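In this note's numbering, the protein residues as written are 650 to 874. We treat Cβ as the ideally placed atom computed from N, Cα and C, and that holds for glycine. Note that the structure is predicted; figures quoted are calculated from it, not measured.
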Ligand code: DC
């Protein structure tokens, strides 16, 4: 059976990764969390400077020192930064605070974009992010764009943060979600936008299973076409 490239883009905390992982597992495809790559570069930048400051100029000059790889397959994917498993560190609120600034840097986008494009060479990949269907794989076979209200997304992220042991108030999380939408949509390089040929799904009132079924049916149709 022919293999597809599946791009899942959309707003923060709409469950893109959850859906992308399940789709990759079901189809036996590679799963790539492109947001984790931006987070890993941000973590590298924060580690470079004393007291967790971030010097974007220094970071831009040091991109060749950054090696990111994934292990564990779609289900239990772990992200490694220069050989160290940083999966849980990437969810730290400090990363959320700085990642949009890092993701707005052209040098960072082309550094990570090259790697992401290479991961699609053999097809059979599900990649989630913000610019996968527009910039990384404009030729993707299936493109989805997930949205939800800011309240629903902040509730989800707040719950995730609590489960990960990060104490933040709902108000802080909500403010961060809104600020990141604004930054991600208004940046000049690869802004968050729906590809003209992407299927848009508002997940605010849908269960995870309902969203998955919609994605999967669309993919099956494509496979049979
Ligand atoms: O999906 P996420 O929350 O882990 O993404 C982290 C940040 O990286 C978010 O602010 C948007 C940015 N990002 C991006 O600009 N392009 C991508 N392809 C993926 C993520």
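Between the alpha carbons of residue i and residue j, how many angstroms are there, rounded?
i: residue 809; j: residue 745; result: 13 Å
i: residue 656; j: residue 673; result: 11 Å
i: residue 703; j: residue 826; result: 20 Å
i: residue 787; j: residue 654; result: 10 Å
i: residue 807; j: residue 743; result: 14 Å
i: residue 835; j: residue 792; result: 21 Å
i: residue 789; j: residue 760; result: 20 Å
i: residue 819; j: residue 688; result: 22 Å
i: residue 715; j: residue 694; result: 10 Å
i: residue 837; j: residue 758; result: 12 Å
i: residue 776; j: residue 765; result: 9 Å
i: residue 816; j: residue 723; result: 28 Å
i: residue 721; j: residue 774; result: 15 Å
i: residue 740; j: residue 813; result: 8 Å
i: residue 801; j: residue 732; result: 35 Å
i: residue 707; j: residue 873; result: 49 Å
i: residue 735; j: residue 868; result: 32 Å
i: residue 848; j: residue 855; result: 15 Å
i: residue 842; j: residue 696; result: 31 Å
i: residue 768; j: residue 762; result: 10 Å
i: residue 686; j: residue 713; result: 14 Å
i: residue 719; j: residue 778; result: 16 Å
i: residue 756; j: residue 709; result: 6 Å
i: residue 805; j: residue 821; result: 13 Å
i: residue 803; j: residue 770; result: 35 Å
For residue i, which of the options has the nearest alpha-carbon?
i: residue 751; options: 812, 691, 858, 859; result: 691
i: residue 664; options: 868, 858, 872, 867; result: 858
i: residue 866; options: 675, 651, 666, 661; result: 675
i: residue 799; options: 852, 685, 764, 754; result: 852
i: residue 850; options: 840, 838, 863; result: 863
i: residue 728; options: 871, 683, 712, 872; result: 683
i: residue 844; options: 782, 685, 778; result: 782
i: residue 823; options: 872, 662, 874; result: 662
i: residue 701; options: 848, 832, 869, 747; result: 747
State the CB to CB distance for the pair residue i and residue j, rounded to an integer number of angstroms; the pair is presumed to be in contact (CB under 8 Å).
i: residue 861; j: residue 698; result: Not confirmed; about 41 Å, so no contact.
i: residue 795; j: residue 660; result: 7 Å
i: residue 658; j: residue 780; result: 7 Å
i: residue 829; j: residue 711; result: So it is not a contact: roughly 24 Å between Cβ atoms.
i: residue 680; j: residue 670; result: 5 Å
i: residue 772; j: residue 870; result: Residue 772 to residue 870, Cβ: 17 Å. No contact.
i: residue 839; j: residue 784; result: 5 Å
i: residue 717; j: residue 730; result: 6 Å
Which residues bound the beta strand (DSSP E) around residue i?
i: residue 730; result: 727-730
i: residue 687; result: First-last for residue 687: 683-697, but that is the alpha helix (DSSP H), not the beta strand (DSSP E).
i: residue 792; result: 791-796
i: residue 718; result: 717-720
From the beta carbon of residue i, is the nearest beta carbon of chain C less than 9 Å away?
i: residue 785; result: Note that chain C does not occur in the displayed structure, where there is just one protein chain.
Do residue i and the ligand GDP come close, with the Cβ less than 8 Å from some heavy atom?
i: residue 832; result: Judged by which ligands are present, the ligand GDP is missing from the structure shown, whose ligands are the ligand DC.
Assuming residue i is part of the alpha helix (DSSP H), what are its boundary residues?
i: residue 752; result: 742-752
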